[in-house]
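Going down the list, the protein sequences come from chains A and B. Counting along the first sequence from 1, when you hit position 154 you're at 154 in UniProt numbering, and nothing is skipped either side. Counting along the second sequence from 1, when you hit position 356 you're at 356 in UniProt numbering, and nothing is skipped either side. C-beta: ideal position from N, C-alpha, C; glycine also. Input: a single structure, listed below in structure tokens.
There are 2 protein chains.
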Amino acid sequence: MTENRPTDGVVRVGLLGCGTVGSQVVRLLREHGDDWAARSGAHLELVGIAVRDTAAERDPWVPRDLLTDDAEGLVGRADVVIELIGGIEPARTLVLRALRSGATVVTGNKALLAAHGPELHAAAEAGDADLYYEAAVAGAVPVVYGLRESLAGDKITAVLGIVNGTTNYILDEMATRGLSFDQALSQAQELGYAEADPTADVDGHDAAAKAAILASLAFHTRVGIDDVPVTGIRHITAEDMAEARETGHVMKLLAVARRTVSGGTEGISVRVHPALVPAAHPLAAVHGAFNAVVVESESAGRLMFYGQGAGGAPTASAVLSDVVAAANHKVHGGHAPRESTYAELPLHGPDATAARTQVQLRLAHAPGTLAAVAGVYGEEGVSIDSVRQQRSADGVAQLTIISDVSTEAALERTVARLAEEPHVHEVISVTRVEGA
Amino acid sequence: MTENRPTDGVVRVGLLGCGTVGSQVVRLLREHGDDWAARSGAHLELVGIAVRDTAAERDPWVPRDLLTDDAEGLVGRADVVIELIGGIEPARTLVLRALRSGATVVTGNKALLAAHGPELHAAAEAGDADLYYEAAVAGAVPVVYGLRESLAGDKITAVLGIVNGTTNYILDEMATRGLSFDQALSQAQELGYAEADPTADVDGHDAAAKAAILASLAFHTRVGIDDVPVTGIRHITAEDMAEARETGHVMKLLAVARRTVSGGTEGISVRVHPALVPAAHPLAAVHGAFNAVVVESESAGRLMFYGQGAGGAPTASAVLSDVVAAANHKVHGGHAPRESTYAELPLHGPDATAARTQVQLRLAHAPGTLAAVAGVYGEEGVSIDSVRQQRSADGVAQLTIISDVSTEAALERTVARLAEEPHVHEVISVTRVEGA
């Protein structure tokens, strides 16, 4: 770090990428630079903005003389590099180069972190450099800070997050207006909450990258995106939402990371899936495109961090909080917490992962039916929390069963056997229940 | 700081006070010390626990050989002093001595901070020492961290907090079970959520100390507890709660700090009072003894920090997060953010403080009554958001008027004039409305 430590209180900031977030970062640097200098003694000087097309139109506050198409050159002359290009390359190469040379990197690139985290952290270690990524998870919500620094004195047992605003908006519209998934998706696209190709959001991949980052921080263990089994929200129907309301729940797409125990060994499980959350749980009150992350820890108990998960200004605010911290360290010494993987907990599979489910069945309306279904649960060692039976219009019965906590494996076996039961016409849905 | 900077990675921790929180701090230090060392390279060594009565019974994990009644001596040999004595003296003298000698102080003492903050910060400055106080506001909720470090890149416009668990528990019980204030208070006392003398909580003084600390951090301006006008919750009735539900609100005791503008000059206002919060606002979903602080900022938008506001283990968790940060700085360099008062914003009075109110009136049921009431609002320049009129059992009308945003001064003049109106039998209640 010594070579990049400024001696005059001036911290040279290089910005890679000037899209929606980058442009807001430029605005905030210009508007608040003097304030930060007054507070911390660190003068942030924006020394360049690397973009693909230096001739393209920009917001009026973006100084054209700082634009450059030489990203590598810019990395070479910055104390702090803000990476907002997104995607893997050239972001990966530029970030590695910056870290190895001792420059601090501030990034919002969740895909890069979830796919190449260990390589980035190793480069930071090698260059004695700091890597910040508050903006990579839940936008403006300071949950990376919370997990990495503020909860450093506690033992975290679980993290449950609404970390994708697009899917939360869609599910919220389905729940409150009775829209179908397709209707809600179209509306989200019209309003700019969802992309033309919504795959990364609605199939849960974006949430999985964030789940991997959160789990790594919470459990001091390396978790990559490929370690996270994912279920998206495409299959959810307006009827599912209505049924959820009937049973006092709200449907949310959750990133869930938990400390688990199997055969006496501690491990973790990380998942992304839709889940029914009790209406009184704080995550149930997270509406629209907002994000929130609940952290359960041994001593602090339940904490929640809530705020805007996306958008130019909110994400830029998270970037700038990292830049200000980085600048303070450059001027006053100290450094960001380094990657912490000392725990190296194994990833546990379905046999060790605790879960609850709601199962909806269509059944023959005949004597012995409920006994047969309940028998399957009993034989698999899964106890039942609640049962609701209704006669549907076509004369057959519809049964909704919420289990107690069991293992994923036992719950999967239960559903497989239910599907084979002669009385069961159809397994309509199987949905996780969280947050009880 | 140099003289107190350990060279061997061992950080000597001295604990002042060993009550509910202190005892949990001892437990966490013993249980997690090795984990923290693995993460940060800082070995925390508890070198002494100062208590008034060394012979008194203690939790089994408290090592008796560390107990001492020589608090001053302990302060002299610690790198990090944890102050959990509470109250003003001897806490103030000990904390000042520690800071002036360059030791880091971690305290949960909101009364001391709100009454003697400037003196403590000056001592920290003089000793080049760090002062941490996460546990002083909202227990385990990392809002001091959030305001002091994480939002350092943004401009905060308002802070609204449920920062007293006792009053939130009482109001929640009144709202959900229809209890009177006295019934809910008795229940809180039986369950240990309220003290035998509940004055500090129910009259809002505890919340006012926290409001002063939050406002100082949010607005980089010195605010003491005497700067905070306070209204408690003793006057709130079961009828008020029922009426709140009717209009889609929930009653909460809030600490409110806002950036204000008067005659072109920026300033701030800081208040503690009960307020009606819309049912969809995230603060409305904060139940029981939980705390939550909403921060509104220019770029990040609305953030909320939520969690347990009191209790031994949650408060100890907040203390330990500060201790771990302090130890990292002791070993790796850097320091906590110093007091930031560069903004020195003036405290604005009722003329510049924006507010909304709900006013409930009992009126003669006669022609011209509503026109007269509405006329008063109009003449004071206060516009009306909603009106609800009901005929009560005794034949007179009851009117509930929610105003738009105006100034406190205009709203007070409006109520004073309404009380003089011949048609108005009684001003039943005047309640603030927040969070719209």
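Judged by DSSP in its simplified three-state form, proline 346(A) adopts coil rather than helix or strand. By the neighbour-count definition (other C-beta atoms within 10 Å, threshold 16), valine 405(B) is an exposed residue. Taking the CA atoms as reference points, glycine 17(A) sits about 29 Å from serine 340(A). For leucine 147(B), the number of other beta carbons within 10 angstroms of its own is at least 16, and it is reported as buried. Rounded to the nearest whole angstrom, the CA to CA distance from alanine 275(B) to aspartate 203(B) is 14 Å. When 8 Å is used as the limit between beta carbons, phenylalanine 305(A) is near these residues of chain B: Leu303, Met304, Phe305, Tyr306, in chain order. Within the segment 149 to 183 of chain B, contact with chain A at the beta-carbon level (separation under 7 Å) is assigned to Glu149, Ser150, Leu151, Ala152, Gly153, Asp154, Lys155. Contact with chain A is absent for tyrosine 132(B), since none of that chain's Cβ atoms lies less than 7 Å from the residue's Cβ. By the neighbour-count criterion, in which a residue is buried when 16 or more other Cβ atoms sit within 10 angstroms of its Cβ, glutamate 344(B) is exposed. Its chain contains Asp130, His329 as the residues whose beta carbon lies nearer than 6 Å to that of histidine 335(B), once the 5 sequence neighbours on both sides are disregarded; these appear in chain order.
Rounded to whole angstroms, leucine 361(A) and glycine 232(A) show a C-alpha spacing of 21 Å. Separation of serine 180(B) and alanine 111(A) (C-alpha to C-alpha, rounded to the nearest whole angstrom) is 53 Å.
Per DSSP, the beta bridge partners of phenylalanine 305(A) are Val293(A), Phe305(B). Among the residues of chain A, those whose CB is under 7 Å from the CB of tyrosine 342(B) are Ala38, Arg39, following chain order.
If you ignore the 5 residues before and after arginine 388(A), its C-beta comes within less than 6 Å of the C-beta of Thr400, all in its own chain and listed in chain order. Against tyrosine 193(B), chain A offers no close residue; the least beta-carbon distance is about 15 Å (beta-carbon pairs closer than 8 Å). Its chain contains Arg338, Glu339 as the residues whose beta carbon lies nearer than 8 Å to that of glutamate 125(B), once the 5 sequence neighbours on both sides are disregarded; these appear in chain order. Nearest CB-CB separation between proline 350(B) and chain A: not below the 7 Å threshold. Among the CB atoms of chain A, none fall inside 7 Å of the CB of alanine 207(B). Neighbours of alanine 285(A) in chain B, taken as residues at a C-beta separation under 7 Å, are given in chain order as Pro282, Ala285. In terms of Cβ geometry, valine 376(B) and alanine 255(B) do not form a close pair [threshold 7 Å].
Between alanine 103(A) and alanine 78(A) the beta-carbon gap is near 6 Å, inside 8 Å, which marks them as a contact. For histidine 273(B), the enclosing beta strand (DSSP E) stretches over residues 265 to 278. The C-beta of valine 324(A) comes closer than 7 Å to at least one C-beta of chain B. Put simply, the CB of alanine 313(A) is near chain B, with a gap under 7 Å to one of its CB atoms. Per DSSP, reduced to three states, the secondary structure at serine 216(B) is helical. Scanning Thr260(A), Gly264(A), Pro278(A) for the CA closest to the CA of lysine 252(A) turns up Pro278(A). Rounded to whole angstroms, the separation of the alpha carbons of alanine 208(B) and alanine 316(B) is 22 Å. In the DSSP assignment, aspartate 385(A) falls within the unbroken beta strand (DSSP E) covering 384 to 391. In this chain, the beta strand (DSSP E) harbouring lysine 252(B) covers 249 to 262. Of the candidates Gly301(A), Ala326(A), Ala409(A), Asp206(A), the residue whose Cα lies closest to the Cα of threonine 353(A) is Ala409(A).
With 16 or more other CB atoms across the displayed protein chains lying within 10 angstroms of its CB, glycine 153(B) is buried. For tyrosine 145(A), the closest Cβ of chain B is nearer than 7 Å. Taking 7 Å as the threshold, the shortest C-beta distance from glycine 48(B) to chain A does not fall below it. Below the 7 Å Cβ cutoff, chain A contributes Gly334, His335 as neighbours of histidine 332(B), in chain order. Using a 10 angstroms sphere on the CB of threonine 176(B), the tally of other CB atoms stays under 16, which defines it as exposed.
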